[in-house]
Amino acid sequence: MDKDFINSLLLTSVKNTNIETNAVDFYLFGSFLYSKNPNDIDLLIVYNSNKVGITDVLSLRKTIYNLFLLNHSLIADITILSKQEEREVNFISSERAEKL
Amino acid sequence: MPEGGRYEKIPRPESIEYFINAISGHSKVQEVNQIDTQLFEVIKKNGKRLLVHLTNYYIVTAAEVIEILSQSPDIDAIVTISQWNQWSESGREQAISQGVGLFIMRQFMGALNFDGQRFYQFLTADQREKYKY
């Protein structure tokens with residue numbers, strides 16, 4: 033499973049919601065980037081709180097989690113941050129997360 | 310749809326054991342009881358009872374607070390256990406707005422010395438410096 037495929041899965045998940053695709057950004061981090069046979073995947077969703085509500089993002093996370101688990105037998109460990117929170121905690125930089 | 314395991318960010322068994330031992334040993338605590346996997350009852354020596362949700366989120370954000378409180382609306386505190394975990398300011402504001410404290414572990418240990426508003430608004434000295442509250 034490469035990054036392009038993961039990105040296509042995530043975009044499909046977003047398109048099945050009311051969330052605008054430009055309201056969320058996805059990042060990959062952790063062992064999935066470095067392991068040949070990962071058994072989980074660390075994802076970060078950064079959302080624009082002016083464009084999407086928290087409950088919609090939580091719902092998107094459940095959808096993505098189930099998608100990876102049921103179709104790909106992968107446990108998705110999904111962190112959610114608003115853009116403001118990301119700036120506060122600097123997660124992308126500290127985890128060397130790669131944008132999808 | 311089952312959504313257990315990592316999704317819920319359940320602390321490791323050794324982290325749960327650490328939490329119980331640390332809180333049990335606090336000078337203001339009478340006893341600690343594990344009610345559910347992530348839910349703990351803390352009885353203080355002054356008779357106050359706290360319900361605590363223990364998690365292992367890297368960062369407890371506003372979204373995580375909303376999700377946790379939707380599942381456990383009666384809790385008094387959320388504690389994220391691993392020493393490198395943290396919370397966001399908006400996560401803390403979300404929790405406090407609902408009368409719930411949001412803590413990392415050593416912050417929670419300090420907060421247990423207090424009750425009410427002073428409990429759930431407690432910050433360590435370095436947090437007060439960082440956030441300039």
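For the record, the sequence lines run as chains H and P.
Quick note: the first sequence uses the working numbering, first residue 33, plus one each step.
Quick note: the second sequence uses the working numbering, first residue 310, plus one each step.
Here a beta-carbon is modelled for each residue, glycine too, at the ideal position from N, C-alpha and C.
Note that this is a predicted model, so its numbers are computed, not measured.
| Query | Result |
| --- | --- |
| For Lys489/P, tell me which candidate among Lys337/P, Phe349/P, Ser397/P and Arg358/P has the shortest Cα-Cα distance. | As displayed, chain P neither begins before 310 nor continues past 442, which places residue 489/P out of reach and without an answer. |
| Taking C-beta pairs closer than 9 Å, name the residues in chain P that Ser114/H reaches, listed in chain order. | Thr370, Ala371, Ala372, Ser397 and Ser399 |
| Determine, using beta carbons only, whether Leu90/H and Ala372/P come nearer to each other than 7 Å. | yes |
| Thr389/P lies in the beta strand (DSSP E); which residues open and close that run? | Ala386 to Thr389 |
| From which residue to which residue does the alpha helix (DSSP H) around Arg321/P run? | Taken as a continuous stretch (DSSP letters only), Arg321/P belongs to no alpha helix (DSSP H), as it is neither H nor E. |
| Which full runs of the beta strand (DSSP E) of 3+ residues lie inside the region 355–401 of chain P, going along the chain? | 358–364 and 386–389 |
| Under the three-state reduction of DSSP, which class applies to Ala331/P: helix, strand or coil? | helix |
| Short of 8 Å in beta carbon distance, which residues of its chain neighbour Lys35/H, apart from the five on each side in sequence? Order them along the chain. | Leu60, Glu130 and Leu132 |
| Go through its chain and collect everything with a Cβ distance to Leu411/P's Cβ below 7 Å, but skip five positions before and after it. | Val369, Val374, Ile387, Trp396, Gly400, Arg401 and Ala404 |
| So, Arg384/P versus Leu360/P, is the Cβ gap smaller than 7 Å? | According to the sequence as given, residue 384/P is Ile; it is not Arg. Contact: yes. |
| From which residue to which residue does the beta strand (DSSP E) around Leu348/P run? | Leu348 to Lys353 |
| Are Ile352/P and Glu340/P closer than 7 Å when you measure CB to CB? | yes |
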